[in-house]
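Read through the structure below, which is laid out as structure tokens, and then see the notes.
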Amino acid sequence: MSWPGYPDTGAPGYDPYGRPMANPEPVWYPVQPVFAAPPPLPKPRRGTASLVGLSVGFTVIGVFALAVLVYFVQVLPVAILLAASLLAFVPLAIVLVGIWLVDRWEPEPRLALLFAFLWGAAVAVGTALIVDVVVVTAQQIVGAGGGSDLFGAVVQAPIVEEGAKGFGVLLVLWIFRKNFDGPVDGVVYAATVAAGFAFVENIQYFGLQVSDDLQYGVGGLGYVFVVRALMSPFAHVMYTACTGVALGFAARKTGPGGAVGFYFIGLVPAILLHALWNGALSFVTDDGFFVYYLLVQVPIFVAMILLVVLLRRNERHVTHDRLVEYGSVGWFSPDEVQMLSTGAGRRQAKQWAAVNGQSAAMKRFVSTATRLAFTRQRIVKGRADEASRRDEGELLDQLTIARRALQAPAVAFVGYPEPQFGPGPQYGPGQQYPAQQYPGQQYPAQPDPGQHYPGQQYPGQQYPGQQPPQTW
């Protein structure tokens with residue numbers, strides 16, 4: 003029996019009365035599930051001591067920030083304070099772009115960068131202000147007057163400011179030890195602390211100069227802005243970077259206690275460079291200052307750039323050498339090692355990920371692999387302690403999850419559409435029913451049978467130089 007306009011009863015997809023069934027047989031069966039949402043990355047493990055240090059650190063930052071704000075509101079009118087803040091954003095933007103360029107290979111955690119910036123802007127500035135008040139008060143008590151400004155600029159300021167900024171970098175090393183891998187990281191964190199300090203200090207200088215210009219009509223704001231914002235936006239960065247580089251080597255060679263010695267070693271060139279700049283501002287005037295700037299400060303700045311370039315190149319070599327070790331036991335293919343250890347390879351990977359809607363997954367994969375390489379570097383260079391081994395295991399877990407996200411198809415199978423009831427085509431007995439096409443629905447290509455997927459055991463897979471965890 004059949005109804006007009008409907009196929010014979012009993013045809014696939016139709017009930018005995020010739021009407022389409024609610025759940026027709028699917029026209030295609032995937033060999034395996036076409037999509038499985040990757041589980042979220044496990045939250046980074048942070049020890050109790052780090053959590054306590056972070057909490058105490060942000061509390062201290064909050065107290066100092068409030069004190070510095072009260073000081074500025076008392077010293078400068080609000081309108082001038084806002085105008086000076088806008089001017090101070092110019093050198094800050096220049097420095098932040100420089101930090102971003104240096105930090106692209108292995109980006110540091112935002113929380114660590116925020117901590118570093120706020121330490122420089124609040125604690126380092128507040129410490130310098132407190133010491134200045136104490137010194138001025140002591141000079142007034144003992145009646146010392148002559149040469150106090152020169153002493154403050156050439157001796158007091160370099161020691162106090164570099165000590166406070168450098169201690170912020172040391173705290174970052176202690177609290178964020180897992181992410182502090184070497185000299186380049188030291189430069190990044192030191193530059194971030196210095197950026198926060200210079201930003202607030204520039205607000206003070208610009209604000210006081212605007213007040214003097216309005217009161218006395220001296221018109222010195224242009225000169226101060228050119229010297230501080232355009233000629234020396236990286237001045238504080240260069241000084242504190244000396245301490246950062248020293249602490250970067252400490253991160254590879256010693257523990258938290260040993261880093262204190264590297265901190266004092268790094269302070270020596272930082273203080274000397276700072277004193278050299280402040281001394282020039284005190285002794286060299288008029289056109290002679292610009293000659294000094296070209297002959298002394300510009301070469302120092304170029305030398306610092308060359309140092310950072312060399313350190314960045316070393317980072318790439320470390321990434322390649324350590325990932326080759328993991329590749330030898332199946333964690334990476336040779337092409338992946340080449341992609342992860344070269345700038346050109348990473349750019350190509352990002353372009354591919356953007357076209358295929360996998361930008362976030364590719365970013366996670368590259369970041370995790372790079373951190374894994376530097377964790378391995380710590381182990382190879384003699385810091386094969388329990389914490390480093392644990393970090394390595396966690397990063398391998400994260401790498402597996404990141405790879406799974408990259409291997410998932412971009413288009414997921416979300417089910418069949420609701421059937422549309424109504425007159426259908428006529429089919430006789432034994433006729434072949436064509437495959438149904440669903441609006442917008444696509445199926446990914448079948449996987450390569452020889453391709454390894456997360457969760458599969460690679461032949462001979464193990465940790466480089468160690469046994470895998472028993473839970474794998």
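Just so you know, the sequence shown maps onto residues 3 to 474 in our numbering.
Think of the CB as a built atom: it goes at the ideal place given N, C-alpha and C, for glycine as much as any other residue.
Give me, in chain order, the residues of the same chain whose beta-carbon lies closer than 7 Å to that of residue i; leave out the 5 immediate sequence neighbours on both sides.
i    : result
S343 : R318, T321, H322, L325
S213 : L78, I82
S52  : I177
V339 : H322, L325, V326, G329
G215 : One detail in the question is off: residue 215 reads as Asp in this sequence, not Gly. Around D215: G221, G222, L223.
Please list, in chain order, all residues of the same chain as residue i whose beta carbon is under 6 Å from its beta carbon, the five residues on each side excluded.
i    : result
R378 : R324
P35  : Model confidence at P35 stands at a pLDDT of 41, short of 50, so the residue's coordinates are unreliable; what they give is reported in the following sentence. Same-chain partners within the cutoff: there are none.
W107 : E317
S87  : I205
A351 : M341, M364
A248 : F264, I267, G268
P1   : Because the chain in this structure spans residues 3 to 474, residue 1 falls outside the shown range and cannot be described.
I381 : S390
P28  : Unreliable positioning characterises P28 in this predicted model, as indicated by a pLDDT of 42, which lies under 50. A coordinate reading is not provided.
V156 : A277, N280, G281
M306 : M240
Return the Cβ separation of residue i and residue j in integer angstroms, given the expectation that the two are a contact with Cβ distance under 8 Å.
i    : j    : result
Q211 : V226 : 5 Å
V186 : V104 : 7 Å
Y241 : H276 : 5 Å
A272 : C244 : 4 Å
Q400 : T370 : 5 Å
R254 : G347 : 25 Å between Cβ atoms; not a contact.
L397 : L374 : 4 Å
N181 : A252 : Contact flag wrong, Cβ pair sits at about 14 Å.
F367 : R405 : 6 Å
G154 : V137 : 7 Å
F117 : G198 : Incorrect: roughly 10 Å between the Cβ atoms, too far for contact.
Y294 : V304 : Not confirmed; about 15 Å, so no contact.
V97  : V239 : 6 Å
Taking 8 Å as the limit between beta carbons, can you name the residues of its chain near residue i, skipping five residues before and five after?
i    : result
V125 : V62, I63, F66, A166, G170
V357 : none
I55  : The amino acid occupying residue 55 in the given sequence is Gly; Ile does not appear at that position. L173, W176, I177.
F74  : L83, I205, Q206, G209
E164 : Y241, T242, T245, L269, A272, I273, H276
P471 : Because the pLDDT of P471 is 40, which lies under 50, any placement of that residue in the model is unreliable, and the question is left without a value.
F291 : A282, L283
Can we count residue i as close to the ligand FMN, meaning its CB is less than 7 Å from some heavy atom?
i    : result
Q141 : The model on display carries no ligand, and the ligand FMN is accordingly not part of it.
So with Cβ pairs under 8 Å, would you call residue i a contact of chain B?
i    : result
R406 : The chain inventory of the structure shown lacks chain B, comprising one protein chain alone.
TODO: Count the CB pairs spanning the region 191 to 206 and the region 111 to 130 that are closer than 8 Å, and state whether there are at least three.
DONE: yes
TODO: Would you check if the region 222 to 241 and the region 79 to 99 touch, i.e. whether three or more CB-CB distances between them fall below 8 Å?
DONE: yes
Task: Completely contained alpha helix (DSSP H) runs for the region 293 to 326, where each covers 4 or more residues - done: As far as the region 293 to 326 is concerned, it has no whole alpha helix (DSSP H) run of at least 4 residues.
Task: Segments of 4+ residues assigned as alpha helix (DSSP H) that fall wholly inside the region 185 to 249 - done: 185 to 218, 223 to 227
Task: Three CB pairs or more closer than 8 Å across the region 58 to 74 and the region 128 to 136 - done: yes
Open item on the list: Below 8 Å, how does it come out for the region 214 to 224 and the region 167 to 185: are there three or more Cβ pairs, yes or no?
Closed with: no
Task: Three CB pairs or more closer than 8 Å across the region 261 to 269 and the region 153 to 169 - done: yes
Open item on the list: Check whether the region 324 to 340 and the region 274 to 290 are in contact - that is, three or more C-beta pairs closer than 8 Å.
Closed with: no
Task: Within the region 337 to 390, ranges of the alpha helix (DSSP H) (whole runs, at least 4 residues) - done: 345 to 357, 361 to 382
Open item on the list: For a minimum of 4 consecutive residues, which ranges assigned as the alpha helix (DSSP H) are wholly contained in the region 54 to 133?
Closed with: Entirely contained in the region 54 to 133, the alpha helix (DSSP H) runs reaching 4 residues are, in chain order, 80 to 104, 112 to 120.
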